[in-house]
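Some notes on the structure that comes next.
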Amino acid sequence: MLRVNPFIRRTIGPLAVLLIWHVASTYGWVDARFVPAPLTVLKSLNQWMFGTPGAGPYSGTWFVHAGYSAYRVFGGFLVASVFGVVIGCIVGWSRLMSDLLDPIIQIVRPIPITAWVPFAVIFFGIRDASAFFLIALGAFFPIAINTAAGVAGTPALLVRAARMLGVRPHNILLRVVLPSAMPFIFTGLRLGIGLAWVLVIVAEMMAVKSGLGFAMWDAYYFLRMDIIIAAMLSVGVLGFLSDLFIKVIANHVLRWRRGL
Amino acid sequence: MKAKNGGSAPQGRARIVARGLRKVFLDISRQEEVAAIDNFDLEIGANEFLTILGPSGCGKSTLLNIIAGFDHPTDGEIRLDGKIINKPGPDRGVVFQEYALFPWLNAAQNIEFGLRERGVSKAERTLRVQEQIASVGLRGFETRFPHELSGGMRQRVALARVLVNDPKILLMDEPFAALDAQTRTIMQNELLKVWSAERRTALFITHNIEEAVLLGDRVVVMTARPGRIKDIVPITLARPRDVTSAEFNETRRYVSSLLESEVQAAFAAMQASADAAS
Chain W
168 MLRVNPFIRR
178 TIGPLAVLLI
188 WHVASTYGWV
198 DARFVPAPLT
208 VLKSLNQWMF
218 GTPGAGPYSG
228 TWFVHAGYSA
238 YRVFGGFLVA
248 SVFGVVIGCI
258 VGWSRLMSDL
268 LDPIIQIVRP
278 IPITAWVPFA
288 VIFFGIRDAS
298 AFFLIALGAF
308 FPIAINTAAG
318 VAGTPALLVR
328 AARMLGVRPH
338 NILLRVVLPS
348 AMPFIFTGLR
358 LGIGLAWVLV
368 IVAEMMAVKS
378 GLGFAMWDAY
388 YFLRMDIIIA
398 AMLSVGVLGF
408 LSDLFIKVIA
418 NHVLRWRRGL
Chain Z
66 MKAKNGGSAP
76 QGRARIVARG
86 LRKVFLDISR
96 QEEVAAIDNF
106 DLEIGANEFL
116 TILGPSGCGK
126 STLLNIIAGF
136 DHPTDGEIRL
146 DGKIINKPGP
156 DRGVVFQEYA
166 LFPWLNAAQN
176 IEFGLRERGV
186 SKAERTLRVQ
196 EQIASVGLRG
206 FETRFPHELS
216 GGMRQRVALA
226 RVLVNDPKIL
236 LMDEPFAALD
246 AQTRTIMQNE
256 LLKVWSAERR
266 TALFITHNIE
276 EAVLLGDRVV
286 VMTARPGRIK
296 DIVPITLARP
306 RDVTSAEFNE
316 TRRYVSSLLE
326 SEVQAAFAAM
336 QASADAAS
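Okay, structure coming up:
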């Protein structure tokens, strides 16, 4: 059993879950109205994705919702990346700025992003801006904190070596500190994109009227558990793909670490 | 084997001149000032290979860091070709014991780093990098990243990385201390080969007596902390030197006798400070 190829080994777990799920809802272990069988969900997802628009409440609208969610995730994530890397560099590089900013970051960071929803809605309205704000705020922290750790951990010897080789003080950040902190920055980006998918659902359930999170909340009112599960799986797959995307970039940028 | 007093350079023209150098650090745990080097006068001649030998903690590295421009002396001054040294620069190439290569750049890119930083054209960079790669024996390793290279190979990259900038002086801080004995011997010979080709001024710090005598035109023996010059021994043995010859070992014994009491003093001081701390 252990000798079969890793890909097959890795599909066994999910298949087992599907099987148990199927048996449980088909043979009445759970109420099929609340936990519809996998095939039912698949049919609903198919209808949701490829059905004729207007043929039913959830027919053919998947791409619009998924598109909105992805747009918000990447928009919010982009804003979080820019602010996270810049502020992370400042905090990691300057003792003074660290003493000034780090306490703020450490106190604001534990506040759940859901607690910001009322403010987001009051200031930005039930619009995209609210979602962008919530996602950017949530993804900002892991990116900034990891960047700061990477920047602060730049070996002083490498800075000396660079100065000795003719790098001017104002170029040290670009030539030495950023490349040296890159593994940390990518760790922050991967945590950030993961969090962005969590937050887009929260934001769409509460602060906007489109996207997979909104569809999920809407489906809940009509007890369309099949749509809820389909949306959950969609988010899982899209989140996985976004992480993979960043991982591929990281593997290229950090190719010097291969085998390290 | 008469030792020369004072630090004047043997061949007239001095490249590095240090006068009354003193460097004081604050020992935070004991809240007192400690002099790393004190009353230090030294001249390093053009084309001279000077080795500095001393017990651990005697301020050898402090001296090198001041010449490199990483550190500033508390008192006194140090000049390179008449100009006061106050910051690091590519005219003083430093080879560190811990290599200090940029891990995200491959061997060739590490060597190219200084040239690129100073805006040397791509064509000239390629030419000069290739030249250095050949001269330090790195052919075939150009695209390896530092962690894919052995210690000896990394130190070759580090050496090529500074030589490519054509520095006025080569500063080496125990560069071979982390290498195994065989690699160390190979690297010493490689270094001498590269050095004899251009006779570039070189300052080499070590705590290894044989290495100091093998490489140096003169050996500066330092005292235990605070680091002062105990004696300067000119090494008149013809190059290439044979470490098994009677003359070599006579010189080595002499240098060793100078150093021994300092090593003991350094050890006693270390024990005293450990006792004081406990």
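Keeping their order, the protein sequence lines are chains W and Z.
If you count by this note's numbering, then the first sequence holds residues 168 to 427, one letter each, in order.
If you count by this note's numbering, then the second sequence holds residues 66 to 343, one letter each, in order.
Glycine is no exception: its CB is placed at the ideal position from the N, C-alpha and C atoms.
Using CA coordinates, which residue listed in the options is at the minimum distance from residue i?
i, options, result
"W:I347", "W:R177, W:W260 and W:Y238", "With the sequence shown as reference, residue 347 of chain W is identified as Ser, and Ile is not the correct amino acid for it. Looking at the Cα atoms, W:W260 is the closest of the given residues."
"W:G227", "W:L366, W:M216 and W:L263", "W:M216"
"Z:L244", "Z:A262, Z:L214 and Z:I117", "Z:L214"
"Z:R183", "Z:D231, Z:Q220 and Z:R249", "Z:D231"
"Z:G286", "Z:S322, Z:L256, Z:N130 and Z:D307", "First, the amino acid is wrong: residue 286 of chain Z is Val here, not Gly. Measuring from the Cα of Z:V286, the nearest candidate turns out to be Z:S322."
"Z:R78", "Z:C123, Z:L280, Z:G147 and Z:I93", "Z:G147"
"Z:V89", "Z:R95, Z:R80, Z:V99 and Z:A83", "Z:V99"
"W:R391", "W:G221, W:Y225 and W:T178", "W:Y225"
"W:G355", "W:G320, W:G218 and W:A311", "W:A311"
"W:I394", "W:F174, W:P350, W:T207 and W:F230", "W:T207"
"Z:E142", "Z:G216, Z:V82 and Z:F114", "Z:V82"
"W:A233", "W:I274, W:G426, W:S409 and W:H419", "W:S409"
"W:T321", "W:P336, W:M331, W:S265 and W:L340", "W:L340"
"W:I396", "W:A204, W:L182, W:R177 and W:A183", "W:A204"
"Z:V320", "Z:R190, Z:T288 and Z:Q336", "Z:T288"
"Z:L107", "Z:V284, Z:E177 and Z:F241", "Z:V284"
"W:N338", "Z:A246, Z:R181 and Z:N314", "Z:R181"
"W:V365", "W:P350, W:F351 and W:S401", "W:S401"
"W:G223", "W:A386, W:H419 and W:R424", "W:A386"
"W:S248", "W:F353, W:L182 and W:P270", "W:F353"
"W:L212", "W:L186, W:V284, W:F201 and W:W229", "W:W229"
"W:I293", "W:L263, W:K376, W:S265 and W:G221", "W:K376"
"Z:R290", "Z:Q195, Z:L324, Z:Q162 and Z:N314", "Z:L324"
"W:L185", "W:R200, W:L209, W:F201 and W:R170", "W:L209"
"Z:L257", "Z:T191, Z:R304 and Z:D92", "Z:R304"
"W:F201", "W:Y388, W:H419 and W:R425", "W:Y388"
"W:V288", "W:P270, W:F174 and W:M372", "W:M372"
"Z:E177", "Z:G205, Z:N314 and Z:Q197", "Z:Q197"
Taking C-beta to C-beta, are residue i and residue j nearer than 7 Å?
i, j, result
"Z:F112", "Z:R264", "Here the sequence assigns Asn to residue 112 of chain Z, which means Phe is not the residue at that position. For Z:N112 and Z:R264, yes; Cβs fall inside 7 Å."
"Z:A133", "W:L325", "no"
"W:F308", "W:R276", "yes"
"Z:L279", "Z:R306", "yes"
"Z:I274", "Z:R318", "no"
"Z:P120", "Z:A331", "yes"
"Z:N175", "Z:V222", "yes"
"Z:C123", "Z:G292", "yes"
"Z:K233", "Z:D156", "yes"
"Z:I270", "Z:K125", "yes"
"W:S297", "W:A398", "no"
"W:G255", "W:I280", "no"
"W:A329", "W:V343", "yes"
"Z:L129", "Z:L236", "yes"
"Z:R84", "Z:T266", "no"
"Z:P138", "Z:I149", "no"
"Z:T116", "Z:A339", "no"
"Z:F135", "W:R327", "yes"
"W:L421", "W:P350", "yes"
"Z:G216", "Z:M252", "no"
"Z:R193", "Z:V229", "yes"
"Z:W169", "W:W283", "no"
To the nearest whole angstrom, what separates the beta carbons of residue i and residue j, a pair I think is in contact under 8 Å?
i, j, result
"Z:L224", "Z:I109", "Wrong, their Cβ atoms sit about 19 Å apart, outside the cutoff."
"Z:I102", "Z:L118", "With a Cβ gap of about 14 Å, Z:I102 and Z:L118 do not count as contacting."
"W:G333", "Z:G158", "Not quite, the Cβ-Cβ distance comes to about 10 Å (not below 8 Å), so this is no contact."
"W:F244", "W:I302", "7 Å"
"W:V369", "W:G378", "Incorrect: roughly 11 Å between the Cβ atoms, too far for contact."
"Z:I294", "Z:F114", "Not confirmed; about 17 Å, so no contact."
"Z:H272", "Z:E239", "7 Å"
"W:F299", "W:G242", "5 Å"
"Z:A173", "Z:E207", "4 Å"
Does the stretch 183 to 201 of chain Z touch the stretch 395 to 414 of chain W, meaning 3 or more C-beta pairs lie closer than 8 Å?
no
Quick check: the stretch 358 to 378 of chain W against the stretch 190 to 201 of chain W, are there 3 or more CB pairs under 8 Å?
no
Let me know the alpha helix (DSSP H) ranges lying completely inside the stretch 359 to 407 of chain W, each 4 residues or longer, listed in chain order.
DSSP runs (the alpha helix (DSSP H)) wholly in the stretch 359 to 407 of chain W: 379 to 388.
Starting from the N-terminal side, write out each stretch of the beta strand (DSSP E) that is 3 residues or longer and does not extend beyond the stretch 84 to 158 of chain Z.
97 to 110, 114 to 118 and 140 to 145
Would you check if there are 3 or more beta carbon pairs closer than 8 Å linking the stretch 390 to 405 of chain W to the stretch 229 to 237 of chain W?
Segments in contact, yes.
Any chance you could list the alpha helix (DSSP H) runs of at least 4 consecutive residues sitting entirely within the stretch 253 to 292 of chain Z, in chain order?
Those alpha helix (DSSP H) runs which fall completely within the stretch 253 to 292 of chain Z and span 4+ residues are 274 to 280.
Specify whether the stretch 308 to 318 of chain W and the stretch 256 to 274 of chain W touch according to this definition: at least 3 beta carbon pairs, one from each stretch, less than 8 Å apart.
The stretch 308 to 318 of chain W is in contact with the stretch 256 to 274 of chain W.
Those runs of the alpha helix (DSSP H) which lie wholly inside the stretch 200 to 258 of chain W and span at least 4 residues
205 to 217
If you scan the stretch 284 to 337 of chain W from start to end, which runs of the alpha helix (DSSP H) of 4 or more residues do you find wholly inside it?
284 to 291, 295 to 319 and 323 to 331
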